[in-house]
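Novice: Line by line, the protein sequences are chains D and C.
Take 1190 as the starting number for the first sequence in this note's numbering and just add one per residue.
Take 1190 as the starting number for the second sequence in this note's numbering and just add one per residue.
By construction, the Cβ of each residue, glycine as well, lies at the ideal position given by its N, Cα and C atoms.
All values derive from a computational prediction rather than experimental measurement.
2 protein chains.
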Amino acid sequence: MILPTISDFDITTAQLAAQRQSVLTKPSGSLGKLENLSIQLAGITGFLYAPLDQKVVIIMAADHGVTAEGVSAYPSEVTRQMVFNFLNGGAAINVLCRQAGARVQVVDMGVATDFENIPGLAHHKVAYGTKNLAIGPAMTNAQAEEAILTGIKVVNHEIDAGLDIVATGDMGIGNTTPSACIASAMTGLPPKQIAGRGTGVDDQGLKRKISIVERALEINKPNPQDAMDVLCKVGGFEIAGLAGVMIGAASQRKPVVVDGFISTAAALIAVGLSPNVQPYLIAAHCSVENGHRAMLDHLHLEPLLDLNLRLGEGTGAVLAFHLAESAVRILREMATFEEAGVSQKE
Amino acid sequence: MILPTISDFDITTAQLAAQRQSVLTKPSGSLGKLENLSIQLAGITGFLYAPLDQKVVIIMAADHGVTAEGVSAYPSEVTRQMVFNFLNGGAAINVLCRQAGARVQVVDMGVATDFENIPGLAHHKVAYGTKNLAIGPAMTNAQAEEAILTGIKVVNHEIDAGLDIVATGDMGIGNTTPSACIASAMTGLPPKQIAGRGTGVDDQGLKRKISIVERALEINKPNPQDAMDVLCKVGGFEIAGLAGVMIGAASQRKPVVVDGFISTAAALIAVGLSPNVQPYLIAAHCSVENGHRAMLDHLHLEPLLDLNLRLGEGTGAVLAFHLAESAVRILREMATFEEAGVSQKE
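This is how it looks when you write it as structure tokens:
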């Protein structure tokens, strides 16, 4: 599999942004992560004031064989039903995109049902859901490659149509289980510190889920040094696709706002495959899902929002679009000490 | 001093909002604090879908006698200079208000200089700055009353002009010191756990600041059971004014988004004077200023943003306007399980 080259972060432009932040009429550093974000966006895009007009969320949907183990509070058919909800504009992500002025692209990466030719849905089904990772590998190497390359193709298509910043979204009943497997494999932390309640399993359900993650890791023995191996053995098609979106976006110097637990699992895979992706990632929020903080720490990402979200779909990432816009506006529009005639620090 | 009556939080409308959240197409509770916020806004306003069209930040500016002790990294004249920056649209708060579609009202509550009759500036100077609280009371009882009643008057004026939600902003070189005094007095925590670097004093400066706060509390002995006593002895005119804004807004069922360290000190005073104010308050963010988390805990408020802000001006509060809008839109626009034909939890 040949992945696109990712340019180095543009340190020169980032430094110009940092310099400008230091002469704006506020104590240096007092806008905290917003200042860092404006600097990061400059370094990603190569523009002092990163253009952010065209905002897109790519929602990748897929099913998971591991649902046979009873790991989710919702039945599998909800994946398909929610795809229709996205297309009809009724889901949380649609509401937040209308507010943020972002467009939604829904992609079937591996839902366990056939869709008609529906406007707004991109058809890239790799298979009718993954195999049950609790008894063997979730997918073949060929399927993982196909899914990653599809993610790259999908984001390239959006970039051709005009995309300045992308948010990653997911839909897939059962997908906190593969995400927990990936997180546990890549961070080295035990499943009981990583797995959470997902859509809302009870204590019994959580216990079962943890034991499924433990079993999946025992049986499959994914190699943490080999992100492709981890993805094939304990991943999902939407996770693979989102890793591709991240790699594709980074290769074209577009900022990627990473949503919650599932998107961050995809980020672990993306950075495992292409370490140069890391500086192009922006963490939107810290989920209530147990292992999310550890995953963000592993990736050296700091979340912006503290909202106890655990929905996915890209909801947290699209909420963070407002903050990305704030960061660039601050850098562009604030007066300097000199312009405003304000005295500097004594 | 006669304060306006504050109605009880509208539990019936809040319950309707909670009911609706539970049938929208997402796992119940998965939008975390956004769900709570939509419920709170319903209970505050009495409308299931709280109107939020007219957003206003009220920035109150004042000077502080305690700057004579060298507690700030910036000279006092910056208070006046920043007032001009607000009026000219060059400050961070102006940028964020343009993005959020909010208007700015700047109020001179006690800047140590005379302003001409400048369009956009409301003149309510109580005095040319407070007295030095390190050697005696910051203000008289009459001054504190005047400042609080002014805050109520200012917000009422804005409500008459059309205001659906208000953010509190402050400007006053030195004002983290009175805020730390208030926080320490009201929470009972020692100054060294509360005081922070403000606009950016160094280690030596921080030590001095802590000792000033300790001395102010020792000399003035503010009574934590008596918010008025605390305000007079160790407060500030902008802090008193913002407490008035909170009381006035709550009395008219308008939601108040509380900014950072200084605004939260004002909230401690407001809730001390009128405990019914509490349910009308929304905490925007948790500042890096040391004691802010403890103050929020004391008020039973949970912050929404995690941005390491420490600027004031209402910047964090105006950033949170986007989230308030998201909360109401989610409640109003999302499809229910029934409407979307999505299966419920098993």
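Bridge partners of residue 1562(D), per DSSP?
Specialist: There is simply no residue 1562(D) to check, as chain D begins at 1190 and stops at 1535 in what is shown.
Novice: Any idea if residue 1167(C) is buried or exposed, counting beta-carbon neighbours within 10 angstroms, 16 or more meaning buried?
Specialist: The structure shown has nothing for residue 1167(C), since chain C only spans 1190 to 1535.
Novice: Quick one: is residue 1453(C) buried, meaning 16 or more other Cβ sit within 10 Å of its Cβ, or exposed?
Specialist: buried
Novice: Once you ignore the five residues that flank residue 1463(D) on each side, which residues in its own chain have a CB closer than 8 Å to its CB?
Specialist: 1192, 1195, 1436, 1439
Novice: Compare the C-alpha of residue 1353(C) against each of 1455(C), 1221(C), 1401(C), 1443(C) and name the closest.
Specialist: 1443(C)
Novice: In chain D, which residues lie with their C-beta within 7 Å of the C-beta of residue 1281(C)?
Specialist: 1215, 1220, 1519, 1523
Novice: Do residue 1231(C) and residue 1427(C) count as a contact pair if the criterion is CB distance below 8 Å?
Specialist: no
Novice: Identify whether residue 1255(C) lies in helix, strand or coil by the three-state DSSP scheme.
Specialist: helix
Novice: Considering only C-alpha positions, which residue in the set 1400(C), 1203(C), 1227(C) is nearest to residue 1259(C)?
Specialist: 1400(C)
Novice: Which residues, in order along the stretch 1250-1276 of chain C, keep a beta-carbon less than 8 Å from a beta-carbon of chain D?
Specialist: 1262, 1263, 1264, 1266, 1267, 1270, 1271, 1273, 1274
Novice: At a cut of 8 Å, does the stretch 1201-1213 of chain C reach the stretch 1322-1332 of chain C through at least three beta carbon pairs?
Specialist: no
Novice: Pull out every residue of the stretch 1490-1502 of chain D whose Cβ sits closer than 7 Å to any Cβ of chain C, in chain order.
Specialist: 1492, 1493, 1494, 1495, 1496, 1497, 1498, 1499, 1500
Novice: Closest to residue 1345(D) by CA distance: which of 1473(D), 1292(D), 1356(D), 1434(D) is it?
Specialist: Comparing alpha carbon positions, the residue from 1473(D), 1292(D), 1356(D), 1434(D) closest to residue 1345(D) is 1434(D).
Novice: What residue from 1281(D), 1460(D), 1496(D) has the CA that sits closest to residue 1526(C)'s CA?
Specialist: 1281(D)
Novice: Please list, in chain order, all residues of the same chain as residue 1198(C) whose beta carbon is under 6 Å from its beta carbon, the five residues on each side excluded.
Specialist: 1232, 1468
Novice: Taking only three categories from DSSP, how would you classify residue 1433(D)?
Specialist: helix
Novice: Does DSSP classify residue 1383(C) as helix, strand or coil?
Specialist: Here residue 1383(C) sits in helix by DSSP.
Novice: To the nearest angstrom, how far is it from the Cα of residue 1367(C) to the Cα of residue 1422(C)?
Specialist: 9 Å
Novice: Under three-state DSSP, which class holds residue 1461(D)?
Specialist: If DSSP states are grouped into helix, strand and coil, residue 1461(D) belongs with the helices.
Novice: Assess, as a yes-or-no matter, whether the stretch 1366-1385 of chain D is touched by the stretch 1270-1278 of chain D under the definition of 3 or more beta carbon pairs within less than 8 Å.
Specialist: no
Novice: Just to confirm my understanding: we take residue 1538(C), look at its own chain, exclude 5 residues before and 5 after, and list those with CB closer than 6 Å. What are they?
Specialist: A query on residue 1538(C) cannot be resolved here, the shown segment of chain C reaching from 1190 to 1535 and no further.
Novice: State the Cα-Cα distance for the pair residue 1482(D) and residue 1475(D), rounded to the nearest angstrom.
Specialist: 6 Å
Novice: Kindly identify the DSSP beta-bridge partner or partners of residue 1314(C).
Specialist: Answer by DSSP bridge pairing: none, since residue 1314(C) is not bridged.
Novice: Helix, strand or coil for residue 1192(D)? Go by DSSP, reduced to three states.
Specialist: coil
Novice: Is it buried or exposed for residue 1306(D), if we count other Cβ within 10 angstroms and need 16 for buried?
Specialist: It is exposed - the Cβ of residue 1306(D) has fewer than 16 other Cβ atoms within 10 Å.
Novice: Per DSSP, which one or two residues make a beta bridge with residue 1346(C)?
Specialist: Residue 1346(C) is not bridged to any residue.
Novice: With burial defined as no fewer than 16 other Cβ atoms inside 10 Å of the residue's Cβ, what is the status of residue 1358(C): buried or exposed?
Specialist: buried
Novice: Can you confirm whether residue 1288(C), when its beta carbon is compared against all beta carbons of chain D, has any partner nearer than 8 Å?
Specialist: yes
Novice: Using beta-carbon positions only, say whether residue 1217(D) and residue 1288(C) come within less than 8 Å of one another.
Specialist: For residue 1217(D) and residue 1288(C), no; Cβs fall outside 8 Å.
Novice: Assuming contact is defined by CB atoms lying nearer than 8 Å, are residue 1502(C) and residue 1222(C) in contact in what I supplied?
Specialist: no
Novice: Following the continuous beta strand (DSSP E) through residue 1282(D), name the residue where it begins and the one where it ends.
Specialist: Unbroken run through residue 1282(D) is the alpha helix (DSSP H), 1281-1289; no beta strand (DSSP E).
Novice: Identify, in the order they occur along the chain, each residue of the same chain with its Cβ nearer than 8 Å to the Cβ of residue 1500(D), setting aside the five sequence neighbours on each side.
Specialist: 1281, 1449
Novice: CB of residue 1236(D) to nearest heavy atom of the ligand ADP: below 7 Å?
Specialist: Questions concerning the ligand ADP fall outside what the structure shown contains, since it holds no ligand whatsoever.
Novice: Residues in the stretch 1286-1313 of chain D with C-beta within 7 Å of chain C's C-beta atoms, listed in sequence order?
Specialist: 1288
Novice: Rounded to the nearest angstrom, what separates residue 1513(C) and residue 1497(D) at their Cα positions?
Specialist: 15 Å
Novice: Which residues bound the beta strand (DSSP E) around residue 1355(C)?
Specialist: 1354-1360
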